[in-house]
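*Asks:*
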Amino acid sequence: MKVSSLSFSKWLDQRLNHGDRVWNVLMLTLSLVVPVLIILIGWQLWIDSSGAREKFGWAFLLPTADAAWNPVFGKFQAWPFIYGTLITSAVAIIIAVPVSLGIAIFLAELCPAWLREPLSWMLELLAAIPSVVYGLWGIFVFLPFVVKPFGDFLTALLGPIPVLGLFFEGPLPASGASRLAASMILAIMIIPTIAAVTRDVFLAIPQAQREASFAIGSTQWEMIWQVLIPYGLSGILGAVILGLGRALGETMAVTMVIGNSIAGSVSLLSPGYTMSSIIANEFAEAVDQLHSESLIEVGLILFVLTLLLNSLARFLVWQVARRGTEQDARS
Amino acid sequence: MTTVITPYIQNRSRFTARRITNAIMLTLTGAVTLLALLPLFWIIGYVIFKGGQYINLDFITQMPKPLGVQGGGVLHAMQGTLILTMLSAIIAIPPSIIIAFYAAFRPNTLLGIVLRFSTDVLSGVPSIVIGLVGYALIVKPQGHYSGLAGSFAIAVMMLPIIIRTTEEMLKLVPNNLREGSLALGAAEWKTSLSVILPAAANGVITGIMLGIARVSGETAPLIFTTLGNERYNIGQIVQGGDSFFQTLYNIVEQPMDSLPLTLWKYAQQPFPERVNQSWAVALVLMLFVLAINIVVRLWIRSRGTHLKG
Amino acid sequence: MKRQFTIFSLLMIIAVIASACATPTPQTVEVTKIVAGTPEKVVITATPEVKPTTLPAGSVKINGSGATFPLPVYTDWTYAFSYVDPSVAINYQGIGSGGGKKAIVDGTVDFAGSDSLVTDAEYTQGKDLQMYPMVAGAVVAIYNVEGITTPITLDRDTLVGIYSAKITTWNDPAIVALNPDLKDKLPNKTITVVHRSDGSGTTEIFTKALASFSEDWKKNVGAGSAVEWPVDKAKNGVGGKGNQGVTAAVLSTPNSIGYVELSFALANGTPTAQMVNKAKKTVKPNAESVQAAMADFANGFDAKLTATIVDAPGEKSWPITGYTYLVLHQTSMTDCVKAKKLLEYINWTLSDTSAAKRAGELGYSVLPSDVKAKVTAKLGEVTCGGKPVMIK
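Protein chains in written order, with the numbering used here: chain F, 1 to 331; chain V, 332 to 640; chain Y, 641 to 1032.
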């Protein structure tokens, strides 16, 4: 057909259908951006820490009893920071996930419609508070009024227990600055993210699923636990991973309440140090080449740790999905 | 007779147990929500209490003045935060949404798997590392600190949040919506943008709001990319009389300040006056994010009805 | 709904445009000094001379970054200079000496501030860097001891002893010997020793002083912007973030001691210890004792114009002082208008009396005249595009 005999709308239709090719190319090229960014970041960290890596090798990050971080004499060892990051993030997730699930369930299923908007909005406001403010509030209010009494209570209650007690031993420092404080503040910081996304996941689940569950006689809680959560599990895990990401990388608030000391024990109640904190504290003033390279190597370890934890999470999701399809196939 | 009664009694007690569990768990969720909102009120109350004492009209309309001189403000930081947030939103949002479509609808291709994995890793990179990389990749080659470099750094931080949330929301849009649109003859791209995206709009907006909220409170990446600048004044730049593009260049291509950065700097100064001002800055920052939130929420509501499965 | 949205967003847009159009109008500068702890305000008028200039206001933008140690005085000076010469907008950010030196070597700033000396590697990389001493500041020991209201005196050995965890209680005989009138008041309580948890020029000056006081400290701990503190191993050490953190820790922990910049101690009114210096005289930390320390080492400058001034031998000298430097490119600056304005600023800080007075109020000491002469002479050697910048 000649172009002149086509009406305009037909011409437009023909053009728009080629839009798919453009769309696909656009998606493809943009999607390359994220992996490329990761590679760039990893590569930059790798080359900027080459001196420290050559000097210390694997001993830099293996668990050891006599860790030292001595910028004057050039002795660096990262295990205390690795431990600090791992334990504060783990405890933060342990506290945050049940609480966030509870909030999301409440907001999505139980809340009267007029209350839902304001409460959700207040939750998102919690996410908007800058981490510096969390840190300052932590020092002036949270540590003396919440962490100190709670920490003392935990020591009294759980200290004497044989193995678990190791994590709760020792008196809390007078100021309250400890790994427990950091974990609790981290939990407060990541709850809004996990809860808001989980709430949206629940709200998007089709009503038919709920009605089917009620139709066979489940209580509301059973409907939530046995239908909604499995249906939305992928979204919930995604929310948790976002929260975990924030917990691993959070710097400012943690630095202000964790006590910044590597001399303590494994206990939650002693002051600690995380990988992001040591970088934030010392990088600006690190004048010695080996010192800055060691700090960048700590950043590299954190990066690799994130990679490993995310691989683990991916594996878990895949397992859950696989089991789900098996069940579907069987039924 | 007894054979009829006993099963009835057994079912009854199991049913009561289920009802009790139901009641307990549901009350627990309400209690937990209250518990979680407690720190919110505490922090906001504390910030209002401490910041409200030092906030006045001068504070939000004047440039900073040195210690001891009355009437200084944080206008430079407010303008900086505005520019940085706008720029990073423009840089981050459109690509994130398009990338989310790929992640949601082509998840099992090689790129899809790599992409979703990389997004999660990116969300865990500490902000200070992003700042360092931003310095090495943008500031150093350019030879100067700039707001543009800072916008790129914080756009990188927004990417994973928006991509992940959008991806999950897109996946939850019922398939029959998509199939119906395709059945009517719409192209794939038109279906995606005109049918699926609006259906997932609420969740996508939540993701964007979370991203903007997170990013407007960031300090560490900006220290290494925008440096900070107490002399930043858009009014002065605009009145400098250059051409339109030159003015735009001047606005973004120089070091600028932001509210969280100012907060961080003031809180570390020796003088109690500055420390008090840092609380006022925190209050202004919170009001800023609140304002963005309100505008967007009102906009969603003004659009009218939205689709639900 | 739609109306609410339109009204609200219109208000926002108007607010944004209004803020963008706000320009500061130049006024005469009247500086009101607010003295910590005193009820009245002392008014001092500064008289800047407004030089007529053909360049539009704020068009020459000069960026610097580096040490946080001199940040209060640099912020003050750059602001005052924008009234002396409105065409210049100097922006200095305190990101740390390490960051500043990296930035000047990378060429991302026009000048850097640094407490620590430029290393040989950096001189090679940066090619034509030159350090210029600007001001000197003191590091002081602050304390919080129950029941004591008069100043405590410490000497060089006791300070090292406290920070080495060898002196552990406030009523240790060494401390009592220095403070005979407080003999009964010094409590038998453990000293909580506060140090910096982040790297800093303050720590560098403090540890350099301790290393000079004691060979033992020099060998086992050393001096630097961050060190491993013996008190941490002995479990009576606490880390505070920034001068602010150390001040807060000391003020909130009974029977503690810490070290901060003099400007912090002055601004917060914390009890400060007097010290017995090398000449066996008791001195208070103030502008005069710092100036005396500078004068002691007036000929101690090396070829790179740097000097260490801790543990000064003079009678009136404060033992824990340090210079803070500005780092410039001597010959490779390309923007000659910027170079000229930058050097004019530096000269103004060296010569203007109100600038000197302001620095003194903030707790810093300006250079004695012979050091000033050396600095000015070196500044004369700065060239831009082959031609000298300062035209006398």
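We put the beta carbon where it would ideally sit given N, CA and C, even for glycine.
Just so it is clear, the structure is predicted and the values come from calculations on it, not from any experiment.
On the three-state DSSP scale, how would you describe Glu868/Y?
*Replies:* Mapped onto the third sequence, residue 868/Y falls at position 228. Residue state, collapsed to three classes: coil.
*Asks:* Going by DSSP, what residue range makes up the beta strand (DSSP E) through Ile897/Y?
*Replies:* In the third sequence, residue 897/Y corresponds to position 257, counting from 1. Taken as a continuous stretch (DSSP letters only), the beta strand (DSSP E) holding Ile897/Y covers 896-901.
*Asks:* Tell whether a beta-carbon distance below 7 angstroms holds between Asn607/V and Tyr385/V.
*Replies:* For the purposes of this step, residue 607/V is taken as residue 276 along the second sequence, with counting starting at 1. For the purposes of this step, residue 385/V is taken as residue 54 along the second sequence, with counting starting at 1. Result yes, Cβ atoms of Asn607/V and Tyr385/V sit closer than 7 angstroms.
*Asks:* Would you mind stating whether Ala104/F and Phe202/F have Cβ atoms separated by less than 7 angstroms?
*Replies:* By one-based count along the first sequence, residue 104/F stands at place 104. By one-based count along the first sequence, residue 202/F stands at place 202. Against a cut-off of 7 angstroms, the Cβ pair of Phe202/F and Ala104/F comes out as a contact.
*Asks:* Whole angstroms are fine: how far does the CA of Thr522/V sit from the CA of Pro552/V?
*Replies:* Reading the second sequence from its first residue, position 221 is the one you call residue 552/V. Reading the second sequence from its first residue, position 191 is the one you call residue 522/V. Each residue's alpha carbon lies about 38 angstroms from the other.
*Asks:* Report the neighbours of Phe904/Y on chain V: residues whose CB is nearer than 7 angstroms to its CB, in chain order.
*Replies:* Taking the first residue of the third sequence as 1, we reach residue 904/Y at position 264. Correct list: Pro601.
*Asks:* I believe Pro791/Y touches Pro911/Y by the beta-carbon criterion, under 8 angstroms. Please report the beta-carbon distance rounded to the nearest angstrom.
*Replies:* If you number the third sequence from 1, residue 791/Y lands on position 151. If you number the third sequence from 1, residue 911/Y lands on position 271. Yes, they are in contact, since the Cβ atoms of Pro791/Y and Pro911/Y sit about 7 angstroms apart, within 8 angstroms.
*Asks:* What number of angstroms, rounded off, separates the C-alpha of Gly74/F from the C-alpha of Ile459/V?
*Replies:* Residue numbering aside, residue 74/F sits at position 74 when the first sequence is read from its first letter. Residue numbering aside, residue 459/V sits at position 128 when the second sequence is read from its first letter. Each residue's CA atom was taken as its position, placing Gly74/F and Ile459/V some 23 angstroms apart.
*Asks:* Any idea if Val133/F is buried or exposed, counting beta-carbon neighbours within 10 angstroms, 16 or more meaning buried?
*Replies:* Residue numbering aside, residue 133/F sits at position 133 when the first sequence is read from its first letter. So Val133/F ends up on the buried side.
*Asks:* Report yes if the C-beta distance between Gly706/Y and Val287/F is below 7 angstroms; otherwise report no.
*Replies:* In the third sequence, residue 706/Y corresponds to position 66, counting from 1. In the first sequence, residue 287/F corresponds to position 287, counting from 1. Their beta carbons are not under 7 angstroms apart, which means Gly706/Y does not touch Val287/F by this criterion.
*Asks:* Find the residues of chain Y that neighbour Gly272/F, judging by a C-beta separation of less than 7 angstroms, and give them in chain order.
*Replies:* Position 272 of the first sequence, counting from 1, holds the residue named residue 272/F. Within 7 angstroms Cβ-Cβ: nothing; Gly272/F doesn't reach chain Y, min ~11 angstroms.
*Asks:* Would you say Ala65/F reaches chain B, if we count a Cβ-Cβ gap shorter than 7 angstroms as a contact?
*Replies:* In the displayed structure, chain B is absent; the protein chains listed are F, V and Y.
*Asks:* Would you list, in sequence order, the uninterrupted alpha helix (DSSP H) runs of no fewer than 4 residues that lie entirely inside the segment 214-263 of chain F?
*Replies:* 220-223, 233-249, 252-257
*Asks:* Interface residues of chain V around Thr910/Y at Cβ under 8 angstroms?
*Replies:* Position 270 of the third sequence holds residue 910/Y. Ordered by position in chain V, no residue passes the 8 angstroms Cβ test against Thr910/Y, which lies about 10 angstroms from the chain.
*Asks:* Quick check: the Cα distance between Ala932/Y and Lys956/Y, rounded to an integer number of angstroms?
*Replies:* To locate residue 932/Y, count along the third sequence from 1; it is residue 292. To locate residue 956/Y, count along the third sequence from 1; it is residue 316. Their Cα atoms are separated by approximately 6 angstroms.
*Asks:* Look at Gly159/F and Glu169/F and say whether their C-beta atoms are less than 7 angstroms apart.
*Replies:* Translated into the one-based positions of the first sequence, residue 159/F becomes position 159. Translated into the one-based positions of the first sequence, residue 169/F becomes position 169. Against a cut-off of 7 angstroms, the Cβ pair of Glu169/F and Gly159/F comes out as a contact.
*Asks:* Cβ of Gly880/Y within 7 angstroms of Cβ of Val871/Y?
*Replies:* Within the third sequence, numbered from 1, the residue matching residue 880/Y stands at position 240. Within the third sequence, numbered from 1, the residue matching residue 871/Y stands at position 231. No, these two residues do not count as a Cβ contact at 7 angstroms.
*Asks:* If you check the beta carbons only, do Val99/F and Ile191/F fall under 7 angstroms apart?
*Replies:* Translated into positions along the first sequence, residue 99/F becomes position 99. Translated into positions along the first sequence, residue 191/F becomes position 191. Yes; because the gap between Cβ atoms is below 7 angstroms, this pair is in contact.
*Asks:* If I measure Cβ to Cβ from Gly238/F and keep anything under 8 angstroms in the same chain, skipping five residues before and after, which residues do I get?
*Replies:* Reading the first sequence from its first residue, position 238 is the one you call residue 238/F. Val197, listed in sequence order.
*Asks:* Step through the CB atoms of chain Y and report whether any lies within less than 7 angstroms of the CB of His407/V.
*Replies:* Taking the first residue of the second sequence as 1, we reach residue 407/V at position 76. The C-beta of His407/V comes no closer than 7 angstroms to any C-beta of chain Y.
*Asks:* Using C-beta distances below 7 angstroms, list every residue in its chain close to Pro688/Y, excluding the 5 sequence neighbours before and after it, in chain order.
*Replies:* Against the third sequence, residue 688/Y aligns to sequence position 48. The pLDDT assigned to Pro688/Y is 47, lower than 50, so where the model puts this residue is not dependable; a value taken from the coordinates is nonetheless given after this. For Pro688/Y, where only same-chain residues beyond five positions count, the Cβ hits under 7 angstroms are Val669, Ala720, Tyr723, Val724.
*Asks:* State the beta-bridge partners of Met641/V as determined by DSSP.
*Replies:* Coverage of chain V is limited to positions 332 through 640, which leaves residue 641/V absent and any answer about it impossible.
*Asks:* Answer yes or no: does any C-beta atom of chain F fall closer than 7 angstroms to that of Trp630/V?
*Replies:* Working through the second sequence from its first residue, we reach residue 630/V at position 299. So, not an interface residue.
*Asks:* Taking the alpha helix (DSSP H) that Ile949/Y falls in, what are its first and last residues?
*Replies:* Locating residue 949/Y in the third sequence gives position 309, where the first residue counts as 1. Element bounds for Ile949/Y: n/a, residue is neither H nor E.
*Asks:* Give me the chain F residues within the contact set of Lys741/Y, using Cβ-Cβ distance strictly less than 8 angstroms, ordered along the chain.
*Replies:* As a first step, residue 741/Y is located in the third sequence; it is residue number 101 there, counting from the start. Chain F residues near Lys741/Y: Val287.
*Asks:* Under 7 angstroms between C-beta atoms, does Gln756/Y make it to chain F?
*Replies:* Sequence index remark: in the third sequence, residue 756/Y carries index 116 (1-based). One detail in the question is off: residue 756/Y reads as Ser in this sequence, not Gln. Ser756/Y counts as touching chain F.
*Asks:* Are the Cβ atoms of Gly404/V and Gln393/V separated by less than 7 angstroms?
*Replies:* Locating residue 404/V in the second sequence gives position 73, counting from the first residue. Locating residue 393/V in the second sequence gives position 62, counting from the first residue. Contact: yes.
*Asks:* Determine, for Ser705/Y, whether the minimum Cβ-Cβ distance to residues of chain F falls below 7 angstroms.
*Replies:* On the third sequence, position 65 is the one that residue 705/Y refers to. With 7 angstroms as the cut-off, Ser705/Y does not count as an interface residue toward chain F.
*Asks:* Identify the residues that DSSP records as bridge partners of Val632/Y: which are they?
*Replies:* Lying before the first or after the last residue shown, residue 632/Y is absent from chain Y, which here runs from 641 to 1032.
*Asks:* With DSSP collapsed to three states, give me the class of Arg562/V.
*Replies:* Along the second sequence, read from residue 1 onward, the residue named residue 562/V stands at position 231. Arg562/V: coil per DSSP, three-state reduction.
*Asks:* Flag Gln80/F as yes if its beta-carbon sits less than 7 angstroms from any beta-carbon of chain V, otherwise no.
*Replies:* Within the first sequence, residue 80/F is the residue found at index 80, counting from 1. In the sequence as presented, Gln is not what sits at residue 80/F; that position holds Pro. No, no contact with chain V.
*Asks:* Can you pull the chain V neighbours of Pro712/Y, defined as C-beta to C-beta under 8 angstroms?
*Replies:* The count along the third sequence starts at 1 and reaches residue 712/Y at position 72. Around Pro712/Y, the beta-carbon contacts reaching into chain V at under 8 angstroms are Leu398, Gln600, Pro601, Phe602.
*Asks:* What does Arg562/V touch in chain F if you count any residue whose Cβ is under 7 angstroms from its own?
*Replies:* For the purposes of this step, residue 562/V is taken as residue 231 along the second sequence, with counting starting at 1. The contacting residues do not exist; Arg562/V stays about 22 angstroms from chain F at best.
*Asks:* Check each candidate in Asp451/V, Leu558/V, Trp520/V, Leu541/V and name the one with the smallest Cα separation from Gly481/V.
*Replies:* Start at 1 with the first residue of the second sequence, and residue 481/V comes out as number 150. Nearest of Asp451/V, Leu558/V, Trp520/V, Leu541/V to Gly481/V, Cα basis: Leu558/V.
*Asks:* Beta carbons nearer than 7 angstroms to chain Y: which residues of the segment 475-497 of chain V have them?
*Replies:* His475, Tyr476
*Asks:* What does Val583/V touch in chain Y if you count any residue whose Cβ is under 7 angstroms from its own?
*Replies:* Taking the second sequence and counting its residues from 1, one reaches residue 583/V at position 252. Those within 7 angstroms of Val583/V in chain Y number zero; the least Cβ separation is about 14 angstroms.
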